[in-house]
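Position in the sequence shown (from 1) plus 21 gives the number in the numbering used here. Note that the Cβ used here is the ideal one computed from N, Cα and C, for glycine as well.
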Amino acid sequence: MVNKEVLLFKLLSFGISGRMFHFIHSFLSNRTFQVHIGPTLSMTKRLEKGTLQGSVLSPILFSLMINDLLKRITSHPVLYADDVCFWECGSDITLLNRLCQRSLTKVCKWCEDCDYKLSSTKSPAVLFARKHNPEPISLRLQDSTRLPLKNE
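Dropping the structure here:
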């Protein structure tokens, strides 16, 4: 979820100030939400992090928030909505593992700086290889959690 303070700092660094900055600040501040399931309505809770779901402005703010992430990745990156993928190609599995780990470490550092949490269960490593039994790869998050490996 988007850390509001980090997002506002980034907006200022992009040169967004004055009325637009105050509008966005107001848009992000003092928001509450409720969950409605069938006839039941939950208690009102305060939105501490994130942006309003369903708002036209929220995806734009999210894009601005992650704008600098791809610049940190040294591997080949692809971004689709809120999913990031990067890859390396070659025949030396050990080198490819090292290159991907370098990018993953930079992504982890970016997440730490921006107050994001990565889930190892939602972040698999995929190895595409022609060999039937390729050398295993091992990618780790900053907290040393190993990413699940899928062989394709």
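Opposing strand residues paired with residue i [DSSP bridges]
i, result
"His97", "Trp108"
"Phe54", "Lys66"
Short Cβ contact (8 Å threshold) for residue i with residue j
i, j, result
"Asp72", "Phe83", "In the sequence as presented, Asp is not what sits at residue 72; that position holds Thr. Their beta carbons are under 8 Å apart, which means Thr72 touches Phe83 by this criterion."
"Leu162", "Cys129", "yes"
"Lys182", "Arg93", "Here the chain has residues from 22 to 173 only, and residue 182 is not among them."
"Phe42", "Leu32", "yes"
Residue i, DSSP secondary structure in three states
i, result
"Arg151", "coil"
"Leu90", "helix"
Host alpha helix (DSSP H) of residue i (start-end)
i, result
"Thr126", "Ile114 to Cys135"
"Ile158", "Counting along the chain, Ile158 falls outside any alpha helix (DSSP H), and DSSP gives it neither H nor E."
"Met41", "Gly39 to Leu49"
"Phe30", "Lys25 to Ser34"
Closer than 7 Å: residue i CB and nearest the ligand NAP heavy atom
i, result
"Leu33", "Because no ligand of any kind appears in the structure shown, any question about the ligand NAP cannot be addressed here."
Worksheet item: Between the region 49 to 57 and the region 101 to 120, do three or more beta carbon pairs fall short of 8 Å?
Response: no
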